[in-house]
Amino acid sequence: PALIAYRLVLTAVMAIILGVLFSFSNAKFLTDLPTGSRLQQAPSPSSSLQVFLENIGREVLELGGWLLIGCLIAAVFQTFLPQSQLLSDPNSWLQVPIMMGLGFVLSLGSPFNISFLLPLTAKVLPGSLLAFLLFSSVVDIKQTLLMISAFRPKVVIYLLILTFQLSFLFALIINFYGG
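The numbers in my numbering rise by one with no breaks, and the one at position 154 of the sequence shown is 391.
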């Protein structure tokens, strides 16, 4: 129960911090649309359904490939990564980045995070579990590939670095001062 409360509160804190940091930036976040794109034109009411269907098809073609690549990478890591050996030392601070890396690579999604973490609760420190939950809820391989297709790479890299730093900091605080 405490881990769930930490996750809810710290995810909100992370979102606020990231939002404030990005709001002070003057950079362009989104990638440029093609000049001939129909997304820039206001459709007439009679052709709005046609434009809607064309946009759905274009989005599926653009983002579907990235989603499949992310799923493939996550499946390979889930199959071949020796998780028990990575988490063999129960008192190591290295558990935090290892769990964050697992959260990024495994791309489980929120409903399956708990079923993955239950067998590890006896071996892993609470802050490491929290790091897995915090980091994987914000970024994973599939989300990163999708973000790269919509946002400028510099923005995605900043988001990844800031999210990693905040998750790492919160996890270490929980490991050393609470939990």
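Note that CB positions come from ideal geometry on N, CA and C, so glycine has one too.
Comparing C-alpha distances from residue 337 to each of 247, 359, 360, 367 shows the shortest one belongs to 367.
Taken atom to atom, the span from the alpha-carbon of residue 284 to that of residue 342 is near 42 Å. Secondary structure at residue 401: helix, using DSSP grouped into helix, strand and coil. Under the three-state reduction of DSSP output, residue 372 falls in the helix class. Taking the C-beta atoms as reference points, residue 403 is found nearer than 9 Å to residue 255.
Secondary structure at residue 266: coil, using DSSP grouped into helix, strand and coil. Here the alpha carbons of residue 412 and residue 332 stand approximately 10 Å from one another.
Relative to the Cα of residue 361, the nearest Cα in the group 407, 330, 377, 261 belongs to 330.
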